[in-house]
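Chemist: Convert by adding 5 to the 1-based position in the sequence shown; the result is the number in this note's numbering.
From the three backbone atoms N, C-alpha and C, an ideal C-beta is built for every residue, glycine too.
Bear in mind the structure is a predicted one, so any value in this text is a computation, not a measurement.
Take a look at this one; I'll ask things after.
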Amino acid sequence: MYNHKQKWLDSALAANTDFLNRVESDNLPTQRTPGTVAVLTCMDPRVNLEAIGIPQFDTDGRGDSSVRIIRTIGAMAEERSLIIGIFLAGIREIVVLMHSDCGCCLAYNKIDTIIKNMEENLGESDLNQFKARIGEPFRENLRIWLKAFEDPYEATRREVSAIKAMPFAPKDLIVHGLVYELETGKVNVAVNGYREVG
Ligand SMILES: [Zn+2]
């Protein structure tokens, strides 16, 4: 399934050598930056956070963004990050940033491909163990378990509601829902969290 001869790690370590030659260690951010905002977005590398004002690091290694970034498939909430973010880092505002053409949307339509690839790459006993965990009907339950979706706007609204309904979510937690259009770079508001609080 995967070509291990590509040796991605070698190129990553070579890049680190270049990086060490290029940056001044004094420039690297080492102090914790207090901040109240976290962005929960997709792991898809096409989602450019500069589109909502979150800067990349400078080429000399400088970076001073205080925004916490949580990347998961389909911008789905991950409880551990939210608990530490809210109760230790001081997050008071969460932005769910979904996007068009998401892998979670593809997964909805290609659920049979996922199952076929699992069957081809997993041993029978591992697959059966996983199937037992998901339950029957496997195909439909897997779709739900993966939180695969058809419409990113509906999925965004669903995720915002799910975060607000979490038992550890403070009542005044502000949760926004945005959808980033890959084709144009435009960000559309699905949920304005300020309207839901207060
Ligand atoms: Zn995605």
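If you scan the stretch 48-111 from start to end, which runs of the alpha helix (DSSP H) of 4 or more residues do you find wholly inside it?
Modeler: Listed in chain order, the complete alpha helix (DSSP H) runs (minimum 4 residues) inside the stretch 48-111 are 84-89.
Chemist: From S30 to A43, what distance separates their C-alpha atoms?
Modeler: Straight-line Cα distance between these residues: approximately 26 Å.
Chemist: With respect to 7 Å, is the separation between the Cβ of G128 and the closest non-hydrogen atom of ligand 1 below this value?
Modeler: Not under cutoff, so the answer is no.
Chemist: Out of curiosity, what's the CA-to-CA distance linking H104 and I78?
Modeler: So the alpha carbons of these two residues sit roughly 11 Å apart.
Chemist: Would you mind giving the Cβ-Cβ distance between N197 and H181, rounded to the nearest angstrom? I have them listed as a contact below 8 Å.
Modeler: At roughly 6 Å, the Cβ-Cβ gap stays under 8 Å, so N197 and H181 are in contact.
Chemist: How many whole angstroms separate the CB atoms of L132 and E124, which I take to be in contact at a CB cut-off of 8 Å?
Modeler: 6 Å between Cβ atoms; contact.
Chemist: Looking at D49 and ligand 1, is the gap between the Cβ and the nearest heavy atom below 7 Å?
Modeler: Answer for D49: yes, Cβ within range of ligand 1.
Chemist: Between which two residues does the beta strand (DSSP E) harbouring G182 extend?
Modeler: Segment I179 to Y185, the beta strand (DSSP E) holding G182.
Chemist: From S130 to R148, what does the alpha carbon distance come to, in whole angstroms?
Modeler: Spanning the two alpha carbons is a distance of roughly 21 Å.
Chemist: Nearest by alpha-carbon distance to F24: which of I89, F62, T38 and L102 is it?
Modeler: It is F62 whose Cα lies nearest to the Cα of F24.
Chemist: Going by alpha carbons, who is nearest to A195 out of A153, F173 and S166?
Modeler: When only C-alpha atoms are compared, the closest one is S166.
Chemist: What runs of the alpha helix (DSSP H), each 4 residues or longer, lie entirely inside the stretch 129-192?
Modeler: For the stretch 129-192, whole alpha helix (DSSP H) runs of length 4 or above, ordered along the chain, are 129-139, 143-150 and 157-169.
Chemist: Look up T118 in the DSSP assignment and say whether it is helix, strand or coil.
Modeler: In the structure shown, T118 sits in a helix (DSSP, three-state: H, G or I).
Chemist: May I ask you to check if the CB of G182 is nearer than 7 Å to at least one heavy atom of ligand 1?
Modeler: No - ligand 1 has no heavy atom lying nearer than 7 Å to the Cβ of G182.
Chemist: Report, in whole angstroms, the separation of the C-beta atoms of I59 and S70, which I expect to be a contact under 8 Å.
Modeler: Confirmed, about 6 Å.
Chemist: For the structure I just gave you, are there three or more beta carbon pairs, one from the stretch 88-107 and one from the stretch 151-159, closer than 8 Å?
Modeler: Verdict: yes, contact present.
Chemist: Buried or exposed, going by whether 16 or more other CB atoms sit within 10 Å of the CB of M4?
Modeler: Because the chain is modelled from 6 through 203, residue 4 falls outside the range shown and cannot be assessed.
Chemist: I1 and L183: beta carbons closer than 8 Å?
Modeler: Any property of residue 1 remains undetermined from this structure, which presents the chain solely from 6 to 203.
Chemist: Can you tell which of R144, V72 and G190 has the C-alpha that lies nearest to the C-alpha of R37?
Modeler: For R37, the nearest C-alpha among the options comes from V72.
Chemist: Would the C-beta of G58 count as close to ligand 1, meaning under 7 Å from any of its heavy atoms?
Modeler: Because no heavy atom of ligand 1 lies under 7 Å away, the Cβ of G58 does not count as near it: no.
Chemist: I need the straight-line Cα distance from R51 to Y185, nearest angstrom please.
Modeler: Whole-angstrom Cα-Cα distance: 10 Å.
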